[in-house]
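A short worksheet on the structure shown next.
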Amino acid sequence: TRSTRPQRLLKAVKQHATRGDPQSVISAIDHFCRHREWAMNVGDEKGCILDSVVSELNPEKVLELGTYCGYSTVRIARLLPPGARLITLEFNPDYAVIARQVIAWAGIEDKVQLVEGASEDWIPRMKEHFGIETFDLVFLDHWKDHYLPDTKLMEGCGLLRKGTVLLADNVICPGVPDYLEYVRNSRSYKSCYFKSHLEYTRAEDGLEKSVFLG
Ligand SMILES: Nc1ncnc2c1ncn2[C@@H]1O[C@H](/C=C/CNC(=O)c2cc([N+](=O)[O-])cc(O)c2O)[C@@H](O)[C@H]1O
Ligand SMILES: [Mg+2]
């Protein structure tokens, strides 16, 4: 049977990236998606904005919602200080299989915990299962109608503290209107928009950075 796009993306990583070199994995995926097959990675342009937010924050505890093939997982984990941890949630087992191999190829598996399951099931279990009190950074990049309910769930589970940063992909394309309205109008967040482009295209998209005020 025909291979899947994530399988072809992984093949491109194994062919063109150097084991243990996260930057080469990122470049191989960006090249594949720009010149072979588009895929829904945050991409190189928005990826630079993601990099700057991570570098400025220097987070110890990071949560990623929606691993897909692990592109943003590698982008984030490569910048984390020693001892810092990234937990990434992915409920599609076929994507998880690919992402684990991309993460391993990049050589950053010691910083990453890929949990196979749904965000709504695992967010309430972060404390008792992973010993996580609160997160310093959350990267939202899963199904767009899950951004708002999962944000409210994280608030309810006490996983956000004064200063926790929520960084949301695709706030313009495909768009997350209910989430945007919430974080931009709630007194609990200081929110700002980083204008960019949809990965590998000229369409507008951007990231919304929202700091939880407690
Ligand atoms: N509740 C949940 N728990 C765990 N994993 C979950 C989940 N909901 C979805 N996922 C996973 O997150 C990824 C979904 C991404 C949706 N992005 C998108 O739909 C998307 C679309 C475009 N686009 O169409 O241009 C561009 C983009 O950058 C995009 O991120 C998939 O790997 C999916 O299995
Ligand atoms: Mg996205």
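Per the numbering used here, residue 4 is the first one in the sequence shown, and the count goes up by one each step.
Ideal placement from N, C-alpha and C gives every residue a C-beta, glycine not left out.
Remember, predicted model here, so these are calculated numbers, not experimental data.
Is there at least one non-hydrogen atom of ligand 2 closer than 7 Å to the beta-carbon of residue i?
i, result
"Val-56", "no"
"Asn-173", "yes"
"Val-179", "no"
Cβ of residue i within 7 Å of any heavy atom in ligand 1?
i, result
"Trp-146", "yes"
"Met-157", "no"
"His-149", "yes"
"Val-141", "no"
"Gly-69", "yes"
"Leu-162", "no"
"Phe-94", "yes"
Taking DSSP's pairing of strands, which residues face residue i in a bridge?
i, result
"Gly-209", "Lys-198"
"Gln-104", "None; Gln-104 has no bridge partner."
"Val-214", "Val-168 and Lys-193"
Any idea if residue i is buried or exposed, counting beta-carbon neighbours within 10 angstroms, 16 or more meaning buried?
i, result
"Pro-62", "buried"
"Pro-84", "exposed"
"Pro-25", "buried"
"Ser-58", "exposed"
"Asp-47", "buried"
"Ala-206", "exposed"
"Glu-131", "exposed"
"Asp-113", "exposed"
For this session: Entirely within the stretch 22-70 and at least 4 residues each: give me those alpha helix (DSSP H) ranges in chain order.
Result: 25-38 and 46-60
Exercise. If you scan the stretch 133-159 from start to end, which runs of the alpha helix (DSSP H) of 4 or more residues do you find wholly inside it?
Worked result: 150-159
Problem set entry | Whole runs of the beta strand (DSSP E) within the stretch 77-124, excluding any shorter than 3 residues | 88-93 and 115-119
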